[in-house]
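So the protein lines, in turn, are chains S and F. With positions in the first sequence counted from 1, the corresponding number in my numbering is that position plus 235. With positions in the second sequence counted from 1, the corresponding number in my numbering is that position plus 2. Glycine residues also receive a C-beta, built at the ideal position from the N, C-alpha and C atoms. Since we're looking at a predicted model, the values are computed, not measured. Remarks on the structure that follows.
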Amino acid sequence: MTRRAPECDGAQSGPVAAADVQHWPNLVFQKLREFDVRHVTYVPDAGQARLIELCQTCREMEATVLTTEEEGIGILAGAWLGGERGVLLMQSSGVGNCINMLSLAKVCSFPLLMIVSMRGEWGEANPWQVPMGQITAENLRLAGVIVYEVTEAEAAAPAVEAAARIAFNGGLMVAVLLSQRMLGAKLFKD
Amino acid sequence: MNEPNELSRRSAVARILADRRDTLVVTGLGSPTYDCAAVGDHPLNFYLWGAMGSAVTVGLGLALAQPERRVLVLTGDGEMLMGLGALATVAMKRPHNLAVVVIDNEHFGETGMQRSHTSAGVDLAGIALTCGFRWTTTVKQAGELDKVVPILHTAEGPIVVVLKVSSDRDPLVLPPWDGALLKSRFRQALLNKSRG
C-alpha cells in the first residue's frame with residue numbers, strides 16, 4: 236500500500252530543487268514513502284543530513300530524534316505493534332550502541348530497517364572512528380542482521396528498496412550501509 | 003537510609019489495571035512483567051523479557067502509532083535508569099496518550115536485590131518533570147492511589163507516576179515469553195491482523 240502526499244514527494248515539489256532530483260537522498264526518501272515508512276528515528280548524521288531533512292519536512296512522516304541509537308529499535312517495535320512502519324538512521328558508531336537491543340527485534344521478529352552511514356571505513360581522518368567502523372558489518376551479521384553494503388550513490392535507493400521489502404515482508408532485520416566511498420570522508424578542515 | 007517503603011507492588015498494579023479498559027500496556031523486564039501477569043494475562047499486554055531500557059521507547063512508538071488509544075508503560079527503577087535518555091526523547095515528542103508508571107523498589111530485584119540509584123535519592127519523577135513531562139508524581143501510600151489512578155488513565159500525557167514500593171519479593175507469575183507470539187497476538191487484538 237502506498238500513500239503519497241504531494242508535499243512529501245521528493246521528486247516533484249517541496250524542499251527539493253529540480254536539479255536535485257537524482258540525488259541519492261531524494262531517491263531513498265521516495266523509496267521510504269513507497270514502502271509507507273512513517274516513523275523516522277535518527278541520531279543526527281552529516282552523511283544522511285539531506286535525507287533527515289526531507290523526512291522532517293514530510294507531514295506524513297513522524298521524525299524522532301534520539302539520545303542514543305538503540306531507542307530507535309524500541310520505538311520502531313512499538314510502532315509496528317501499533318500497525319505502522321519505520322526506519323532507523325544512524326552512523327556506524329551507533330551500531331555498537333544497538334547490539335543488545337537488536338535482541339528485541341530478533342526474538343519478536345519485528346521488521347527493522349536501518350540505514351547506516353559508515354565512518355572509520357574508507358579514508359577516515361579521525362582514528363577514533365576506525366575501531367567501530369571496521370567491525371560494523373561483521374557485528375550486524377553476528378547479531379542476525381542482513382547487510383547490504385552500498386559503495387556507489389546510484390545503488391543506494393535500490394538497496395533501500397530491497398532491504399525494505401525483505402524487512403517488512405519477512406519480519407527481519409536489514410541494514411543498508413552507505414560507504415564513505417560514496418559519502419566521502421570528513422576531513423576536519425574549514 | 004530512608005524509612006522502608008510499605009506500598010505493595012502487586013496490589014498497586016492490580017489497582018491500576020482494574021481501570022485499564024482498552025489501554026495498551028507495555029511492561030519492563032523483571033518484576034513489572036510478573037506484576038502485570040499476576041493481575042491476569044491480556045492480549046494487549048506486551049511483556050518485555052529483555053531489551054533492558056526499552057520499555058519507554060516501545061511505549062512511545064506505540065503511542066505515536068495509535069494516538070487514539072491510551073498507552074501505559076509499567077516498568078521498574080532499574081529498567082528506567084538504563085533508559086533515562088528515553089525520557090528526553092519522549093519529552094520532545096510529547097505524546098498526549100502516554101503514561102509511564104515506575105514501580106520503584108530501590109533495588110535490582112532480578113539479580114540479587116542490589117541497591118539501585120533511587121535508594122540514594124535519584125528522583126525519577128523529578129528527572130521526567132525537568133525533561134518536560136506534563137505531570138509527574140511520586141506515590142508512597144496506598145491511600146494516594148485512589149486519587150492518582152484516574153489521573154494516570156486520563157490526564158494529558160506524557161506523564162510519569164513513580165510508585166515507591168516495598169522491596170519484599172512476591173511469588174513469580176510468568177506470562178508467555180515467546181516474543182513472536184506476544185507481538186502477533188497484540189497486533190491481532192489491536193489491528194485484527196498479524197501480517198504487515
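The beta carbon of Val385/S sits closer than 7 Å to the beta carbons of Ala391, Ala394, Val411, Leu412, Leu413, Ser414 and Met417 from its chain, once the five residues preceding and following it are set aside; these are given in chain order.
The C-beta of Gly111/F comes no closer than 7 Å to any C-beta of chain S. Contacts with chain S at 7 Å (Cβ-Cβ) include Ala67/F. In this structure, Ser118/F keeps its C-beta atom at 7 Å or more from the C-beta atom of Asp170/F. Burial state of Gly85/F is buried, judged by a 10 Å Cβ sphere holding 16 or more other Cβ atoms.
Rounded to the nearest whole angstrom, the CA to CA distance from Ser33/F to Glu112/F is 7 Å. Thr139/F and Leu31/F have their C-alpha atoms spaced approximately 22 Å apart. Across the set Phe188/F, Leu9/F, Met54/F and Leu74/F, the C-alpha of Met54/F shows the shortest separation from the C-alpha of Phe110/F. Note that the C-beta distance between Gly368/S and Met353/S is below 7 Å. Going by DSSP, His44/F is part of no alpha helix (DSSP H) at all; its letter is neither H nor E.
DSSP places His274/S outside any alpha helix (DSSP H); the residue lies instead in the beta strand (DSSP E), whose first and last residues are Val272 to Tyr277. Residues of chain S with a Cβ closer than 8 Å to the Cβ of Leu64/F are, in chain order, Gly313, Ala314, Leu316 and Gly317.
In the three-state scheme derived from DSSP, where H, G and I count as helix and E and B as strand, Ala410/S is classed as strand. In terms of Cβ geometry, Val141/F and Asp21/F do not form a close pair [threshold 7 Å].
The beta carbon of Cys343/S falls within 7 Å of a beta carbon belonging to chain F, placing the residue at that interface. Note on Asp106/F: 16 or more other CB atoms within 10 angstroms of its CB, so buried under the neighbour-count rule.
Identification of chain F residues near Val272/S by a Cβ-Cβ cut-off of 8 Å yields none; the smallest Cβ-Cβ distance measures about 12 Å. Contact between the stretch 358-372 of chain S and the stretch 337-346 of chain S is not established, with fewer than three Cβ pairs separated by less than 8 Å. Note that the stretch 276-286 of chain S does not touch the stretch 68-75 of chain F; fewer than 3 beta-carbon pairs, one per stretch, sit closer than 8 Å. Judged by DSSP in its simplified three-state form, Trp357/S adopts coil rather than helix or strand. Under the Cβ distance rule, Ser328/S does not count among the residues neighbouring chain F, no pair being separated by less than 7 Å. Counting every other CB atom within 10 Å of its CB across the protein chains shown gives Thr156/F a total below 16, marking it as exposed. Contact of Ile401/S with chain F is not assigned, every C-beta pair being separated by 7 Å or more.
Contiguous alpha helix (DSSP H) elements confined to the stretch 52-137 of chain F occur at 57-67, 79-84, 86-95 and 126-133, taking only those with 4 or more residues.
The beta carbon of Glu8/F lies closer than 7 Å to those of Ser168 in the same chain, with the five residues before and after it left out. Taking a contact to require three or more Cβ pairs closer than 8 Å, the stretch 297-310 of chain S and the stretch 257-268 of chain S do not qualify as touching. In the three-state DSSP reduction, Arg320/S falls in the strand class (E or B).
DSSP, reduced to helix, strand and coil, places Thr35/F within a helical segment of the structure shown. Along the stretch 90-116 of chain F, the positions whose C-beta sits under 9 Å from a C-beta of chain S are Ala90, Thr91, Met94 and Lys95, read in chain order. At a cut-off of 7 Å between C-beta atoms, Ser338/S counts as an interface residue with respect to chain F.
Look at the beta carbons and you see the stretch 172-181 of chain F not touching the stretch 119-126 of chain F: under three pairs across the two are nearer than 8 Å. Only Glu297, Thr299, Val300, Leu301, Thr302, Thr303, Glu305, Glu306 and Gly307 from the stretch 288-307 of chain S bring a Cβ to less than 9 Å from some Cβ of chain F. Each of Ala14/F, Val60/F, Ala57/F and Gly63/F was checked against the Cα of Ala40/F, and the nearest Cα belongs to Ala14/F. Taking a contact as a CB-CB distance under 8 Å, the pair Thr77/F and Val58/F counts as one, their CB atoms being some 7 Å apart.
Along the stretch 45-63 of chain F, going in chain order, the ones with a CB nearer than 9 Å to a CB of chain S are Phe48, Leu50, Trp51, Gly52, Ala53, Met54, Gly55, Ser56, Ala57, Val58, Thr59, Val60, Gly61, Leu62 and Gly63. Taking 7 Å as the threshold, the shortest C-beta distance from Gly309/S to chain F falls below it.
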